[in-house]
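Have a look at the structure below before the remarks.
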DNA sequence: GTATTATTTGTACTGAGTACAAGAATTAAG
DNA sequence: CTTAATTCTTGTACTCAGTACAAATAATAC
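Residue numbers (the working numbering), protein chains in the order written: chain A, -8 to 183; chain B, -8 to 183.
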């Protein structure tokens, strides 16, 4: 499996010093085969997370329409990971300190941040009946995803006896649920 | 100015189709000169924003210690941009739809997100007297920066008759001020 | 066994980013 | 004004992620 080879080499010699050629040689395939499975080198980090995030739209759709959006978001994210099993802990969450912040990881992380906020904007827009391209939707989506990211990283860091992810999500998003309970669109003034 | 040449070319032919060689040729210098001024190609987008963000630590330090952190954050960010003049509107904020989401922009954006959250984590830790590496600090910093980013993008989009950035910041961060008013560290349970 | 389809691989390429030394321009000192 | 020192630009060469495409190989179907 390319990911396993990649993770071994990243720990042995660091992300930057590990070339795609190294990874594919370790896996016993050609360099170009890598690009049959991944668009980018850093995509190896996201296989499990992408699988979980892929479930998000349907999990959001399944939440009770009377539930406040922040609660629905917690439930949806928790359901995404629950469906992938209790042993599900993405490698990058437990190893990101070893990996550091190479630009390729930053770009692939932000790419997923953006696609996740797009999903949440649509959900919030529909649930709160406000325009999807409003500042309010963007803020709720941005802050929710960044809180989820912080919770996920903390959860990954907590070690093998960690509490369920949902505990972390609830704790991280509770203030947002409270803060956004009365968050309404306003007409920002224009200068004369 | 390298930035001006870059922005002209990005609009003429797109980010991906504009090489560093193109930019430096347009500016009348050698390709390697580019790297005397910038670490990365996409760094051209951030000159003004980096200047503003560079002021953040001192602006945060200047806020009243009795001010709730979210209010202090609004004030500090607003002061950062106010000090750089009323005409200060970073090119990327008004042109990011034209630029799209090239991986290089995503990585440089996330790099600045991370460094800004580090600044805010330190501030929140000191102001609320909680450990800087706690989930609470991370969540407050992450959500604050992502709300500021959403506000800044909306502000950039609003056109030449836009309200002051502070209006957008206040609106975006008000729910966070409310939500974090009683946000305290808790001991997340460990599994047996 | 042959034909078709799917997958891997080889080759060649672009361009961001890096390193380093040489050349040119600027500044300082005598 | 000349020389020396310092600063900055530039040329050359490189690595490696990422791309394109065709050839080779493997797998599948008949």
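Even glycine gets a Cβ: it sits at the ideal position worked out from N, Cα and C.
Note that the coordinates shown come from a computational prediction; the quantities given were computed from them, not determined experimentally.
Contact set between residue i and chain A, taken where Cβ atoms lie within less than 8 Å
| i | result |
| --- | --- |
| residue 142(B) | 126 and 130 |
| residue 11(B) | Those within 8 Å of residue 11(B) in chain A number zero; the least Cβ separation is about 15 Å. |
| residue 105(B) | 92 and 97 |
Residues that residue i contacts on chain A, provided the C-beta gap is smaller than 7 Å
| i | result |
| --- | --- |
| residue 166(B) | 170, 171 and 174 |
| residue 86(B) | What residue 86(B) touches in chain A: nothing, since even the nearest Cβ is about 17 Å away. |
| residue 163(B) | 126 and 130 |
| residue 145(B) | 126 and 129 |
Residue interval of the alpha helix (DSSP H) (run including residue i)
| i | result |
| --- | --- |
| residue 120(B) | From DSSP, residue 120(B) is part of no alpha helix (DSSP H); its letter is neither H nor E. |
| residue 50(A) | 47 to 53 |
| residue 163(A) | 156 to 171 |
| residue 190(B) | Because chain B spans -8 through 183 in this model, residue 190(B) falls outside it and cannot be assessed. |
| residue 177(B) | Taken as a continuous stretch (DSSP letters only), residue 177(B) belongs to no alpha helix (DSSP H), as it is neither H nor E. |
| residue 134(A) | 126 to 148 |
| residue 22(B) | 22 to 28 |
| residue 72(A) | 60 to 73 |
| residue 7(B) | Segment: none, residue 7(B) is in no alpha helix (DSSP H) and carries neither H nor E. |
Nearest-angstrom beta carbon gap, residue j and residue i [assumed within contact, 8 Å]
| i | j | result |
| --- | --- | --- |
| residue 97(B) | residue 102(A) | 6 Å |
| residue 95(A) | residue 33(A) | 4 Å |
| residue 47(B) | residue 67(B) | 6 Å |
| residue 25(A) | residue -7(A) | 6 Å |
| residue 65(B) | residue 107(B) | Not quite, the Cβ-Cβ distance comes to about 14 Å (not below 8 Å), so this is no contact. |
| residue 52(A) | residue 133(B) | No, residue 52(A) and residue 133(B) are not in contact; Cβ-Cβ is about 26 Å, not under 8 Å. |
| residue 0(B) | residue 42(B) | Between residue 42(B) and residue 0(B) the Cβ distance is about 23 Å, and since that is not below 8 Å, they are no contact. |
| residue 116(B) | residue 123(B) | 4 Å |
| residue 160(A) | residue 73(A) | Contact flag wrong, Cβ pair sits at about 11 Å. |
| residue 40(B) | residue 162(A) | Actually they are not in contact, since the Cβ atoms of residue 40(B) and residue 162(A) sit about 31 Å apart, beyond 8 Å. |
Listed by chain order, chain B residues near residue i by CB distance under 9 Å
| i | result |
| --- | --- |
| residue 100(A) | 97, 98 and 101 |
| residue 120(A) | The contacting residues do not exist; residue 120(A) stays about 18 Å from chain B at best. |
| residue 90(A) | What residue 90(A) touches in chain B: nothing, since even the nearest Cβ is about 13 Å away. |
Proximal chain B residues relative to residue i, where beta-carbon distance stays under 7 Å
| i | result |
| --- | --- |
| residue 133(A) | 137, 138, 140 and 141 |
Looking at C-beta atoms only, is the number of pairs between the stretch 159 to 167 of chain B and the stretch 168 to 177 of chain A that lie closer than 8 Å three or more?
Yes, the stretch 159 to 167 of chain B is in contact with the stretch 168 to 177 of chain A.
Contact the stretch -1 to 6 of chain B vs the stretch 78 to 95 of chain B: 3+ CB pairs below 8 Å:
Contact holds between the stretch -1 to 6 of chain B and the stretch 78 to 95 of chain B, because three or more Cβ pairs, one in each stretch, are under 8 Å apart.
Closer than 8 Å is the cut-off here; do at least three beta carbon pairs connect the stretch 129 to 144 of chain A with the stretch 139 to 149 of chain B?
By the Cβ test, the stretch 129 to 144 of chain A is in contact with the stretch 139 to 149 of chain B, since at least three Cβ pairs between them sit closer than 8 Å.
Evaluate contact between the stretch 150 to 163 of chain A and the stretch 154 to 162 of chain B, counting only Cβ atoms and requiring at least three cross-stretch pairs below 8 Å.
Cβ pair count under 8 Å is below three, so no.
Contact between the stretch 10 to 18 of chain A and the stretch 71 to 83 of chain A (3+ Cβ pairs under 8 Å)
Contact between the stretch 10 to 18 of chain A and the stretch 71 to 83 of chain A is absent: fewer than three C-beta pairs spanning the two stretches fall below 8 Å.
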